[in-house]
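Trainee:
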């Protein structure tokens with residue numbers, strides 16, 4: 030069998046079932062609340078300046094500073110180490126020293142602030158002494174005078190970073206023995222004065238490492254991007270609200286007006302660890318309905334069957350058992366036009382034909398559209414009621430979550446009603462979608478509801494028109510109620526599949542906590558039989574290798590801690 034064909038048949042589902050308690054290193058945060066913790070200037074002789082108060086948490090929050098930083102003689106796009114937390118100095122009691130691979134360290138973070146009179150990049154160099162080392166520079170520019178958190182993943186192949194430079198070494202050589210943490214400043218690209226004698230300061234706090242198997246709650250107070258997805262929605266991402274509704278006009282998608290939200294997470298969650306490395310324990314999205322049109326929609330927290338949306342005279346029609354229509358949250362699918370959540374932003378073209386607004390025939394041509402997950406596949410739900418115009422082959426779309434609010438079903442929505450969407454992370458498809466989003470560093474979501482409306486003057490053909498919701502966008506004039514996100518997740522070693530001498534193998538980084546690889550050929554059964562895989566490959570100090578079972582069209586795998 031050809032290698033490409035073989036690997037296509039290996040389907041991986043990775044779950045970290047239990048947290049770990051016996052790691053060589055532990056989660057650790059250096060708060061600098063009592064002293065400088067023996068962190069020093071680059072010369073290794075002088076301790077950093079310590080401040081008892083004024084860190085990110087304000088009064089009583091200690092932090093350290095590196096002062097007298099000069100760009101003199103520096104070249105643009107070069108880095109400048111400004112501090113060292115080194116085991117040989119006794120920095121942080123050696124808490125950052127050890128084998129980061131076997132200990133399961135997957136992230137390092139730090140709060141930083143600077144007084145350079147322009148936004149700059151601040152990175153972290155991680156080393157054994159001084160070499161071997163990796164220099165990591167996030168893409169995000171940090172403005173002066175503000176505390177910001179930089180987070181970088183421990184990985185061999187990071188995405189979303191300006192630089193992830195192993196300085197001639199490799200992942201295994203660097204991370205198997207770490208004893209020095211070195212915050213660094215990246216000289217601005219536009220810097221043109223090598224003789225500049227200005228002196229600057231960088232403040233640092235909460236240097237932290239995170240260990241695989243530990244739970245990490247992350248929240249975002251507003252989306253990075255939000256916009257109205259509507260055929261005639263010419264205001265794109267600047268509109269203060271986005272309505273969602275259905276139309277029966279055959280020229281347009283049934284889910285005619287949608288609300289799009291995307292959260293960039295690279296500064297909160299380390300991206301690029303491999304989608305199989307992430308397990309999402311919970312994901313909560315909240316968004317607020319500002320008002321209805323022209324009146325308030327009815328609260329309905331239950332899923333409605335597709336046949337309840339048909340004309341009452343249709344032979345397949347079934348009556349909805351309760352009032353109102355649910356608020357539905359989906360993932361985002363992308364067309365062949367090349368858009369991604371990163372490039373679409375708030376101004377990407379809405380349709381694949383290049384006509385963004387006002388095209389009378391746009392059904393099935395969106396560049397981004399709502400999706401459900403079914404049997405590992407993304408299903409476009411834009412026209413789930415009447416896909417081909419016959420009204421006979423619709424399907425009930427299963428959203429990632431249905432919105433709930435502190436209301437009684439059947440109530441009219443008060444102004445500024447906040448809906449909570451708890452995504453179904455127990456569903457393998459939703460779990461896979463979220464894990465891939467964390468790996469890519471950005472999570473896109475779409476609210477799409479089937480509240481029926483029609484163009485002015487049109488006959489709704491016996492269907493009952495409904496009041497539809499208007500969702501608050503981050504650009505609302507009152508600066509209130511933008512959508513929020515909260516994720517709790519675990520990181521486990523990335524499981525890699527490959528061939529050795531024509532034999533299928535799986536590999537993952539060793540940790541001091543025991544891990545078992547298990548396999549099954551189906552996830553459909555309510556009682557899945559997971560079989561342990563015990564055929565072990567050649568011993569290696571960095572990674573585990575096991576031989577995978579033969580036969581079968583596909584296999585699902587998981588790493589489990591006993």
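In our numbering, the protein residues as written are 30 to 591.
Every residue, glycine too, gets a C-beta built ideally from N, C-alpha and C.
Note that the structure is predicted; figures quoted are calculated from it, not measured.
Counting only runs of 4+ residues fully inside the segment 366-453, write out the alpha helix (DSSP H) ranges in chain order.
Mentor: Within the segment 366-453, the complete alpha helix (DSSP H) runs of at least 4 residues are 370-373.
Trainee: Here's the rule I'm using: 16 or more other beta-carbon atoms within 10 Å means buried, otherwise exposed. How should residue 513 be labelled?
Mentor: That one is buried.
Trainee: Does the separation of the CB atoms of residue 641 and residue 156 fall below 8 Å?
Mentor: Lying outside 30 to 591, the shown extent of the chain, residue 641 is not represented and no answer is given.
Trainee: Which residue from 447, 82 and 404 puts its Cα closest to that of residue 583?
Mentor: Of the candidates 447, 82 and 404, the one whose C-alpha sits nearest the C-alpha of residue 583 is 404.
Trainee: Do residue 451 and residue 268 come within 8 Å of each other at the CB atom, strictly closer than that value?
Mentor: Cβ atoms of residue 268 and residue 451: not closer than 8 Å.
Trainee: Can you name the residues that DSSP bridges to residue 215?
Mentor: 108 and 150.
Trainee: Pull up the DSSP beta-bridge partners for residue 362, would you.
Mentor: 398.
Trainee: Mapping the DSSP letters down to three states, classify residue 100 as helix, strand or coil.
Mentor: The answer is coil: DSSP assigns residue 100 none of H, G, I, E or B.
Trainee: Check whether the Cβ atoms of residue 111 and residue 95 lie closer than 8 Å to each other.
Mentor: It is a contact, given that the beta carbons lie within the stated cut-off.
Trainee: Exposed or buried, which one is residue 184 when buried takes at least 16 other CB atoms within 10 Å?
Mentor: The residue in question, residue 184, is buried, as its Cβ has 16 or more Cβ neighbours within 10 Å.
Trainee: Between which residues of its own chain and residue 88 is the CB-CB distance below 7 Å, once the five residues before and five after are set aside?
Mentor: Answer for residue 88: 82, listed in chain order.
Trainee: Need the endpoints of the beta strand (DSSP E) that residue 527 sits in, please.
Mentor: Looking at the DSSP string, the run of the beta strand (DSSP E) that includes residue 527 is 525-529.
Trainee: Which one of 84, 215, 363 and 415 has the shortest CA to CA distance from residue 193?
Mentor: The candidate whose alpha carbon is nearest that of residue 193 is 215.
Trainee: Can you name the start and end residues of the beta strand (DSSP E) that residue 510 belongs to?
Mentor: Neither: residue 510 is in no beta strand (DSSP E) and is coded neither H nor E.
Trainee: Anyone know if the C-beta pair for residue 249 and residue 297 falls short of 8 Å?
Mentor: It is a contact, given that the beta carbons lie within the stated cut-off.
Trainee: Does the segment 498-508 come close enough to the segment 328-338 to have 3 or more Cβ pairs within less than 8 Å?
Mentor: With the cut-off at 8 Å, the segment 498-508 and the segment 328-338 do not touch.
Trainee: Let me know the secondary structure DSSP gives residue 477 once reduced to three states.
Mentor: Coil at residue 477, not helix or strand.
Trainee: Express the C-alpha separation of residue 179 and residue 4 in angstroms, rounding to a whole number.
Mentor: Since the first and last residues shown for the chain are 30 and 591, residue 4 lies out of range.
Trainee: Per the contact definition of three or more C-beta pairs closer than 8 Å, is the segment 403-420 in contact with the segment 289-305?
Mentor: Counting Cβ pairs under 8 Å, fewer than three are found: no touch.
Trainee: Are the segment 352-371 and the segment 464-479 touching by the rule of at least three beta carbon pairs closer than 8 Å?
Mentor: Taking 8 Å as the limit for Cβ pairs, the verdict is that the segment 464-479 does touch the segment 352-371.
Trainee: Counting only the same chain and skipping the five closest in sequence on each side, list residues whose C-beta sits under 8 Å from that of residue 351.
Mentor: Correct list, in chain order: 329, 331, 438 and 439.
Trainee: Name, in chain order, the residues that DSSP records as bridge partners for residue 177.
Mentor: Looking at the DSSP assignment, residue 177 forms a beta bridge with 141.
Trainee: Helix, strand or coil, according to DSSP, for residue 541 in the structure here?
Mentor: Annotation note: pLDDT 44 at residue 541 (below 50); position unreliable, coordinate value reported separately. Residue 541 falls in the coil class under three-state DSSP.
Trainee: Taking Cβ positions, are residue 152 and residue 134 nearer each other than 8 Å?
Mentor: No.
Trainee: To which residues of the same chain is residue 579 closer than 8 Å at the C-beta, ignoring the five residues directly before and after it?
Mentor: Result list for residue 579: 533, in chain order.
Trainee: Check whether the Cβ atoms of residue 149 and residue 85 lie closer than 8 Å to each other.
Mentor: Taking 8 Å as the Cβ cut-off, residue 149 and residue 85 do not qualify as a contacting pair.
Trainee: Between which residues of its own chain and residue 103 is the CB-CB distance below 8 Å, once the five residues before and five after are set aside?
Mentor: For residue 103, where only same-chain residues beyond five positions count, the Cβ hits under 8 Å are 109, 216, 220 and 223.
Trainee: Pull up the distance between the alpha-carbon of residue 546 and that of residue 191, whole angstroms please.
Mentor: Roughly 35 Å separates the two Cα atoms.
Trainee: In whole angstroms, give me the CA-to-CA distance for residue 226 and residue 74.
Mentor: Between residue 226 and residue 74, the C-alpha separation is close to 23 Å.
Trainee: Using 8 Å as the threshold, is the C-beta distance between residue 294 and residue 397 below it?
Mentor: No, the pair does not count as a contact, with Cβ atoms beyond the cut-off.
Trainee: With a Cβ-Cβ cutoff of 8 Å, do residue 79 and residue 91 count as a contact?
Mentor: Yes. Within cutoff.
Trainee: Alpha carbon to alpha carbon, how far is residue 577 from residue 561? Give it in angstroms, no decimals.
Mentor: Distance between the alpha carbons of residue 561 and residue 577 is about 10 Å.
Trainee: Cα separation between residue 60 and residue 511?
Mentor: Between residue 60 and residue 511, the C-alpha separation is close to 31 Å.
Trainee: Name the one or two DSSP bridge partners that residue 283 has.
Mentor: Residue 283 pairs with nothing; no bridge assigned.
Trainee: Indicate whether residue 253 and residue 291 have their beta-carbon atoms separated by less than 8 Å.
Mentor: Yes, the pair counts as a contact, with Cβ atoms nearer than the cut-off.
Trainee: For residue 145 versus residue 229, is the C-beta distance shorter than 8 Å?
Mentor: Yes.
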